Amino acid sequence: MFLKRLAVTFSLLLTTPVVAEDFYKSKQINLIISAGAGGGFSTYAQVFAPYLSKYIPGNPNINLQNMTGAGGIRAMQYLYNIAPKDGSVIGLVHSTVPFAPLYGLKGATFNPQEMNWIGSINSTEAICVSWNNTGIKTWEDVLNKEYIVGTSGAGAQSETIPAMINKLFGTKIRVISGYVGGNDIFLAMERGEIQGRCGSIISTINSTRPDWFSSNRVSVPITITLRRSIYFPDIPAIYELAKDERTKQLLKLIIVPLQLDRPLLTTPGVPPERVAILRKAFHQAMNDTDFIADAIKFNLEINEISGEEIQNILKETYNTPPEIIKEAIEAMNLTGSTTEK
């Protein structure tokens, strides 16, 4: 009987896989950031990475790597096609990137529903801002005056949001492209080259230029939201200005990426138990009191969205009727793909 039990135990040892928690011991995780250094994305990554490492068994070092290009699509293509499929590479990408294939953006040949989504550090809202001496302070100003904003190119929120507003509301927003990233757009505003910028930029402004709102250096003429912002309750939400149900449908589709601002993911093909480890560590890090304190210190908005929630948002959005998607593409003037923050 003893020998039989020993044989069973030995057999189990041979057939039991390496414990998932052991994978990250003495390992380095590469965190690919789809935006350039110096902006909001890098700040989020620098603040959050140590806490994510803290809760991953083995406490692997997390190496940050900025990978710009094609508005985040380059980074996503790398994660989808090239990066190791073992959970040793994760990404912090723009919220618009998972929807790039839906809109047929150039180079977006990946399937976001095959990626393993870990969670999103924030859920945010988009706004348009204008420099304080430009004469663009209210929605009426946007309707009646030329409003010059900057972008890194087609496909960026700073390009698609103005195009959408022009198409659906008849405004005369003029977009100046060619800026490398969001930080360059802000510098151009400060130099007086352009009047403003549109996008999910509240957290970026708070973390990189915290005096802009508090000192009234910028105005917010409109929020790109379904309901009035808790941050700017006196400013109209774009959804409340919609004149018909079709416009409301389009706005809902266009605004959906804001639900997953600062999403983290890993590659396709990662073993489920390893994805579960990353998701659990993400949840624990998001609720770490020291991380919350650091987020406040660095003026970072945080609002936990789970990996499972992201998967459901993507599934629902990719089931949108084709005619609504087609109209959204036309409204946003999606002819390419670049994004910045």
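Residue numbers for the sequence shown follow our numbering, so the first one is 18 and each next one is one higher.
Beta carbons are placed, not taken as given, at the ideal position from N, Cα and C, and that holds for glycine.
Quick caveat, the model's predicted, so the values are computed rather than measured.
Buried or exposed by the 16-neighbour rule on C-beta atoms within 10 Å, applied to residue i
i    : result
S232 : exposed
N150 : exposed
R279 : buried
E318 : buried
P34  : Confidence in P34 is poor, its pLDDT being 46 and thus under 50, which makes the residue's placement unreliable; the coordinate value appears in the next sentence. Exposed, by the Cβ-count rule.
S43  : exposed
L20  : Bear in mind that the predicted position of L20 carries a pLDDT of just 42, short of 50, making it too unreliable to give a figure here.
T141 : buried
P115 : buried
H296 : A quick correction: the sequence has Arg, not His, at residue 296. The residue in question, R296, is buried, as its Cβ has 16 or more Cβ neighbours within 10 Å.
G198 : buried
G152 : exposed
T334 : buried
E209 : The displayed chain sequence assigns Gly, not Glu, to residue 209. Classification of G209: exposed, given that the 10 Å Cβ count is below 16.
G213 : buried
M18  : Note that M18 has pLDDT 45, beneath the 50 cutoff, so the model's placement of it is unreliable and the number below is only indicative. Counting Cβ neighbours within 10 Å, M18 comes out exposed, since fewer than 16 surround it.
L204 : exposed
I202 : buried
I313 : exposed
P339 : exposed
L31  : Reliability fails at L31, whose pLDDT of 45 lies under 50, so the model's placement of it is uncertain and no value is given.
T26  : With a pLDDT of 43 at T26, under the threshold of 50, the modelled position of this residue cannot be trusted; read the value that follows with caution. Answer is exposed; the Cβ neighbour count stays below 16.
Of the residues the options, the one placed nearest residue i, counting alpha carbons only
i    : options                : result
I309 : T242, G216, L277, N139 : N139
G57  : K44, D103, V110        : V110
G88  : I135, S175, E163       : S175
G53  : I46, P77, F65, L81     : L81
N76  : A66, W229, T177        : A66
S169 : T155, V192, I153       : V192
T264 : G124, I341, T113       : I341
Q45  : I144, D311, G104, Y97  : G104
T337 : K269, D228, K102       : K269
V237 : E157, M181, E347       : E157
A254 : C145, N83, T126        : C145
L277 : Q328, N350, K102       : Q328
N200 : N223, S246, I313, A180 : N223
I239 : K154, N98, G286        : K154
P74  : A298, P339, T306       : A298
M206 : P285, E262, S147, N98  : S147
S246 : I272, T306, A173, A143 : A143
I271 : P285, A173, G286       : A173
Backbone CA spacing between residue i and residue j [nearest angstrom]
i    : j    : result
L48  : P250 : 36 Å
R244 : Q63  : 31 Å
E163 : L119 : 31 Å
D167 : T283 : A quick correction: the sequence has Gly, not Asp, at residue 167. If I take the Cα positions, the gap works out to 31 Å.
L185 : I241 : 13 Å
A117 : L331 : 11 Å
G107 : L281 : Gly is not the amino acid found at residue 107; the sequence shown has Ile there. Cα to Cα, I107 sits roughly 7 Å from L281.
P129 : T177 : 20 Å
L122 : P274 : 15 Å
Y248 : D39  : 44 Å
L267 : E344 : 7 Å
Y61  : T221 : 9 Å
T85  : R226 : 22 Å
L29  : P288 : Unreliable placement is indicated for L29, whose pLDDT of 45 sits below 50; the coordinate value is still reported in the next sentence. Cα-Cα distance, rounded: 21 Å.
A100 : S112 : 20 Å
I79  : T188 : 45 Å
L23  : S137 : Reliability fails at L23, whose pLDDT of 42 lies under 50, so the model's placement of it is uncertain and the value that follows must be treated cautiously. The straight-line gap from Cα to Cα measures roughly 47 Å.
T356 : G124 : Annotation note: pLDDT 41 at T356 (below 50); position unreliable, coordinate value reported separately. Answer to the nearest angstrom: the Cα atoms are 13 Å apart.
N183 : I190 : 7 Å
K358 : F127 : Caution is warranted here: a pLDDT of 45 is assigned to K358, below 50, making its placement in the model unreliable, and the coordinate value is therefore given only provisionally. Distance between the alpha carbons of K358 and F127 is about 22 Å.
K102 : Y41  : 14 Å
S354 : A348 : Residue placement at S354 is flagged as unreliable, the pLDDT there being 38, under the threshold of 50; the coordinate-derived value follows with that caveat. When rounded, the distance between both Cα atoms is 15 Å.
I211 : F230 : 18 Å
F315 : D228 : 13 Å
N350 : D311 : 38 Å
M181 : S51  : 24 Å
N98  : G286 : 11 Å
N161 : P179 : 15 Å
N320 : S59  : 17 Å
E262 : I165 : 29 Å
T352 : R234 : Low local confidence applies: a pLDDT of 48 at T352 is under 50, so the model's placement there is unreliable, and no value is given.
L96  : S194 : 27 Å
T306 : N83  : 27 Å
Answer yes if the stretch 67-79 comes into contact with the stretch 295-311, meaning at least three C-beta pairs across the two stretches below 8 Å, and no otherwise.
The stretch 295-311 makes contact with the stretch 67-79, as at least three CB pairs between them are under 8 Å.
Count Cβ pairs between the stretch 314-334 and the stretch 116-136 that sit closer than 8 Å; are there 3 or more?
Touching, yes.
At least three beta-carbon pairs within less than 8 Å, the stretch 207-224 to the stretch 289-297:
no
Along the chain, which unbroken stretches of the alpha helix (DSSP H) at least 4 residues long are found entirely within the stretch 207-264?
219-225, 228-231
Any 3 or more C-beta pairs closer than 8 Å across the stretch 255-262 and the stretch 92-99
no
Jot down the residue ranges of each uninterrupted beta strand (DSSP E) in the stretch 86-120, minimum 3 residues, whole runs only, in chain order.
106-109
Within the stretch 272-318, ranges of the alpha helix (DSSP H) (whole runs, at least 4 residues):
289-303, 306-314
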